[in-house]
Amino acid sequence: MKRRTFLALPAVAASGMLAGCADFGPVTKEWMKDSKYDETLSTFLITADGKQLVVLGTKYHYIFDLPPSLATVLKAPYRPKLQTAFLDFEARGERITGRYAMRLRYADAPDGSETSARALADGFKEESGYLEEEGTISGKRYLPNEVTPSSVPQAFNRPYQVTVTEKLTAVGHGAKLALSPITMAADGALGLLGLALFPIALTAFIVMAS
């Protein structure tokens, strides 16, 4: 099981009432610290219109707005050869943001090949030993409902664990999240607000330094 760390980005003050305070007691300082939680991700889906990315975890459901460049890559014929990383994620209340990186080894996309030409046209850049496309994603997280990873065909190559860094919000660590809008019909079909959801398999995950 691979570990990825969803790392924190710089934070702003949690509340205007805290401005100007020079010192806090040990209990307050402990309460103001960022918190972390371990999450296991195992299901990766895309909406029928290709505009949203859904990831099911054991603790939360995550719904991201899918950047057009990433949507193109996820539908490309070279997708089974991709090495994928999600990193530098920050959760603040219901909002979650982070980065993704997709790599194609030169062995799988030789110079001058159709695969290489397609990847470069899709926005990949030439790096040492591989082609890479990267960007940012953002979205929301929800409390899980009856749709669980175990009820959906496995879309990842294997479940893997991440550690999420959760930033303090204006209401502290007690921010309430909405229930997941993901639905499952009697025949097992998945949906999101009237749109069908389809699993997408990614065959390999890589660990990248932040």
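The sequence shown begins at 1 in my numbering and counts up by one.
The beta carbon of each residue, even a glycine, is placed where N, CA and C say it ideally should be.
None of the values given here were measured: they were computed from a predicted structure.
Straight-line gap, residue i to residue j (C-alpha atoms, nearest Å)
| i | j | result |
| --- | --- | --- |
| Ser35 | Lys167 | 7 Å |
| Tyr100 | Gly188 | 29 Å |
| Leu56 | Thr84 | 17 Å |
| Asp49 | Gly123 | 21 Å |
| Pro10 | Ser116 | Here the model assigns Pro10 a pLDDT of 43, short of 50, so the residue's position is not dependable, and the following value carries that caveat. So the alpha carbons of these two residues sit roughly 37 Å apart. |
| Ile200 | Thr169 | 33 Å |
| Asp65 | Glu133 | 17 Å |
| Ile63 | Val54 | 5 Å |
| Ala121 | Gly129 | 18 Å |
| Lys33 | Gly93 | 14 Å |
| Pro67 | Arg79 | 16 Å |
Integer Cβ distance of residue i from residue j, believed to fall under 8 Å
| i | j | result |
| --- | --- | --- |
| Lys140 | Arg95 | 6 Å |
| Thr40 | Pro159 | 5 Å |
Residue i and residue j closer than 9 Å at C-beta
| i | j | result |
| --- | --- | --- |
| His61 | Val162 | no |
| Thr136 | Ala91 | no |
| Leu177 | Tyr142 | yes |
| Ser151 | Met184 | yes |
| Leu87 | Leu104 | no |
Residue i - partner residues in DSSP beta bridges
| i | result |
| --- | --- |
| Ala85 | Ala101 |
| Tyr78 | None, per the DSSP bridge assignment. |
| Ser138 | Asp65 and Thr97 |
| Phe124 | According to DSSP, which records beta bridges pairwise, Phe124 is partnered with nothing at all. |
Proximity test, residue i beta-carbon vs the ligand NAD heavy atom, cut-off 8 Å
| i | result |
| --- | --- |
| Leu179 | In terms of ligand content, the structure shown is empty, and the ligand NAD therefore cannot be addressed. |
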